[in-house]
Amino acid sequence: MTQTTSSAAPADDTPPFRYSATLAQEIELRWQDWWDDHGTFEAPNPAGPLADPDAVAARGDKLFVLDMFPYPSGAGLHVGHPLGYIGTDVYSRYQRMRGRNVLYTMGFDAFGLPAEQYAVQTGQHPAVTTNENIATMRRQLRRLGLSHDPRRSISTTDPAYYRWTQWIFLQIFESWYDADQQRARPIAELVAELESGVRPTPDGRRWSDLDDGERRDVIDAQRLAYVSDAPVNWCPGLGTVVANEEVTADGRSDRGNFPVFKRNMRQWMMRITAYADRLLDDLELLDWSDAIVTMQRNWIGKSPGAEVRFDSPAGPITVFTTRPDTLFGASFMVLAPEHPLVEVLTTAEHADTVADYRRRAAAKKDVDRQDDTREKTGVPTGSTATNPVTGEQIPVWIADYVLMGYGTGAIMAVPCGDQRDFEFARRFDLPIPAIQRPPDAWFEQHGLEPTLDTDAWPEAYVGDAPYVNSANATLDLNGVASVAEGVQRTNEWLEAHGHGTATITYKLRDWLFSRQRYWGEPFPIVYDEHGRPHGLPDHQLPVELPETDSFSPRTFDPDDEHSDPESPLDRLSGWADVELDLGDGPRRYRRDTNVMPQWAGSCWYELRYLDPTNDQCFVDPENERYWMGPRTDERPDHPGGVDLYVGGVEHAVLHLLYARFWHKVLYDLGHVSSKEPFARLFNQGYILADAYTDERGVYVEAAEVEARDGEFLHDGRPVTREWGKMGKSLKNAVSPDEMYEQYGADTLRLYEMAMGPLDASRPWDSRDVVGMYRFLQRLWRNIVDEQTGALVVVDTPPDDATRRAMHRTIDVVATEMEALRFNTAIARLIELNNHVTKLDATPREVADTMVLMLGPLVPHVAEELWRRLGHTGTITHEAFPIADPAFLVDDTVEYPVQVNGKVRGRITVAADADPATVEAAALADDKVAAATGGAPPKKVIVVPGRMVNVVV
RNA sequence: GCGGGCGUGGCGGAACUGGCAGACGCGCGGGCCUUAGGAGCCCGUUCCGGAAGGAGUGAGGGUUCGAGUCCCUCCGCCCGCACCA
């Protein structure tokens, strides 16, 4: 292993054994092969096909490090992609040297629209391009020296994988949510409870009195995966329906940016709303960033409040409010234009204006609802409703600021306490009764004398304040000063008098789970002649995607709202129509011709990594317990899950919410021991780069731009410098290949880790990379003679200063590695190496230690130097150096001495000197005395080990 | 508008619980080596000043012996949500 070809540097006087890019590459390729040949990064399992219990026992504590599941793009990697991967690799390698059994691998989330769209363009089957892309990406990642266990790499498109995706779908399909026990249970248990009468049927009849069809209806209505005919987001431009989460705020698809229309359609839904509270509450068990936790919280959008019924000529109108305490101030009502009661409520006098307003509202896309300056619009229906607490008749309006999709699609308007209602009331001259006495500070802030005359108020008052005018015969809030108490008392009153109930509303909707595409997991579902879905038995899985040339979905004019989705699988009647025996003899069935959304495969991939080749179950329970079981030794409420999950913030809501949901269902059904899939989440930043646009605003190749006298020129024409995420679209991508060519993979790894903290986005500058290359050259030169290739280390022990520097470095580097602060770890290693550079010769002890510490960061050159230093095997499982505490404390300490907060002198005293001694030494110092001018100090502060401050 | 995050040299960034601001790297300046250097090595590099010294972490105020760090007001940037009742 140790003989190398000499570095074939450009024809010049470069020393033959210098750590050049050529030599670096030779070392890297050689060690990558060696690692593969020796299975260096394989992590043993306690059970199942990859079981090696002895090896598990021989290693220390387990650690599961995970990167977010990448989509294998055909475009190839740029240097921005692997930032997180390098981070997890360094961490994994570090932890292996700490003796831990580290599970670290990477698979591919390869179903989905891009592959299908590419296939449609090229006419090549998506399976072919997908496999090519995966091969390319594996090769590119290997070249970086990532220490993945290759045996555990998977692809969602592999039938051996999606067989289990389908199996999990069936688990969900065959489950219902028991609201009393707050967990999913098998449908069979629901049937048993209905049969025995423990649980009543929805209409109260006896189960035995229901016919087969009625029973199926009762059951199907409870399933966690269910077929529903409900409003969904139909996107003609994509030819498929998409989930709420995939629609942007302006009503377009997040992929492709096509218009999306609300349409009633028969689609698969996932009852994620049943888990809303647990998805919310369990966020507290997770070690995730505040930003992501907040985003998840907002997305779930839990609002406690009340539903209140207002009597009207059209029967009771139910509204949802988070402020039932303000009911006395409800002076009008507003319904969404689409509200079903609008027609009944509208009087003849207002029929035309209402019809007109509804038509305009319907024609407005969500985009248009936004761009006006939020000027409130609306029209009265002519009817009134009864305010249940005051008995007053209040007018009912319709307005498009009330959305049909949230709450009940109707609100009670309390203009004095809600800004939107306030604006609406002002606009249409509706009464604004005051029901709270805002605090004096609020009036002061608006330059007003305190008054209950709301004509003087510039805006609504929202918050705690004593109630006024808030009493009837049986409810009196006057004088109560807290919203919480007001809400509670009103809720009690509403329930006692039959006017409403305390309720909780969520923004989270059930998850639309079917797509009319080809390149996804087929549903393991067939329909009988009544159109009822049946799950296929286990032995018929996987339902493989049928071979076809016409994998292209039918897409439509993006604005053709009235088109209908047409799944590619639907056209394959030979595949879709089947005869099966599902237990009651052979019958004709029709397969479900939808496919699952791309999120399906990434909802459970981390579990498959644990036991990727197990064909008996999706993961052996023993393996799941070992790798992902709750760490109650760390924390009594530890939820279990991946120890470290690294990825970008872009998956804050979609993937992380869906995966948590599936995991909780599997937990409820007893398939996994962990409550949560990802115990700790770390969001890495992005690599940004300069981008340049020409006079048309079109991006030009950043690599071809020249800077001259503060101007930027492309092809001799001036261009404008901009700023953005590195990528193909901004034409500012830098390929890792260029970096290998110039410096090698170790330098690239080191630079990416050194340029800043892992969670920060930072600009790429290729010119900066050379700094890390120089460092590695200096390191190499401290160990290997550039002219002869001979070792230059000496066996004499290091001098005291060097040994102390070494141990201090070990101490800090270990701390920083543990905390993922690789940038500061690298800085300390450079400092130590710079220190060694100044020595006459490198003591072997220091060389060994430095190489070990650099192993996680620059594994190839570290392995190479380790061998050259006379060791055998790989550095992978060598123990990371341990600092000797004896060398961390110095005999003497230098204290800066401040006079009135400014450093005026320095003293050196024994490390164990007591404060009085330090003080005396400080006052005795010439410079300090000069600065104080001989004045006696008023006070002297001694911070042990830190500094002295003399106050005069 | 609401929520989250962030403002430190020419640049990327260091600075543990308040305790020597600017570690480390780039760039830049000087030197060495060289026919040459867009290679490599050494020294220097926050700003003003020749120096002594002074100023300095977006702006202003406060707490403290001491503030980049804590508190208040303001300015600017980034991200998320967006008429959510």
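Residue numbers for the first sequence, in the working numbering: -7 to 944.
The C-beta atom is built at its ideal place from N, Cα and C for all residues, glycine as well.
Closest by C-alpha distance to residue i, when choosing among the options
i	options	result
L599	G374, P613, L768 and M845	P613
M257	A222, R289, S245 and T834	A222
L658	G640, W596 and E698	W596
L602	S145, A119, E823 and P64	S145
L849	V381, I126 and G137	G137
P525	H531, Q532 and I517	I517
G926	I899, V891 and P907	V891
I390	G383, S167 and S375	S375
A235	K830, G243, L504 and E870	L504
A494	R509, G478 and R501	G478
D520	P545, D576 and V692	D576
W772	L857, V940 and D28	L857
Bridge partners - residue i, DSSP secondary structure assignment
i	result
R634	One detail in the question is off: residue 634 reads as Val in this sequence, not Arg. Paired residue(s): F670.
H706	R709
T376	P387
G897	V889
I933	N941
M262	A217 and W503
C595	Paired residues: none, contrary to the question.
W226	V233 and F253
P514	V587
W168	R177 and R215
Counted within 10 angstroms of its Cβ, other Cβ atoms place residue i as buried (16 or more) or exposed
i	result
K720	exposed
T712	exposed
N225	buried
Q113	exposed
D660	buried
D364	For D364, the predicted structure reports a pLDDT of 49, less than 50, and the residue's modelled location is therefore unreliable. The matter cannot be settled from this model.
V934	buried
I867	buried
V406	buried
W715	exposed
I496	exposed
H554	exposed
A782	exposed
Residues of its chain near residue i, where Cβ-Cβ distance is below 8 Å and the 5 sequence neighbours each way are ignored
i	result
P38	P45, V48, E614, N615 and Y618
R580	E521, D569, V570 and E571
Straight-line Cα distance separating residue j from residue i
i	j	result
L275	K499	17 Å
Y678	R813	16 Å
A923	V895	10 Å
Q174	A644	25 Å
T339	E415	25 Å
P450	H438	8 Å
L69	V690	23 Å
T780	G865	24 Å
D468	Q428	13 Å
Y96	T909	54 Å
P332	L648	36 Å
D635	K54	9 Å
P628	P622	9 Å
Residues near residue i by beta carbon distance below 7 Å, same chain, minus five either side
i	result
A592	T157 and E513
H799	A875, D876, F879 and L880
N470	Y459, V460, S462 and A463
L272	R289, I292 and K294
E696	H706
Q17	Y732 and G736
V359	Low per-residue confidence applies at V359: pLDDT is 49, beneath 50, and the placement is therefore not dependable enough to give any value.
R419	K368
A903	V881, D882, D883, T884 and V885
T446	C408, I424 and A426
Close beta carbons around residue i, own chain, < 6 Å, minus the five adjacent residues each side
i	result
L915	none
D246	E238 and T240
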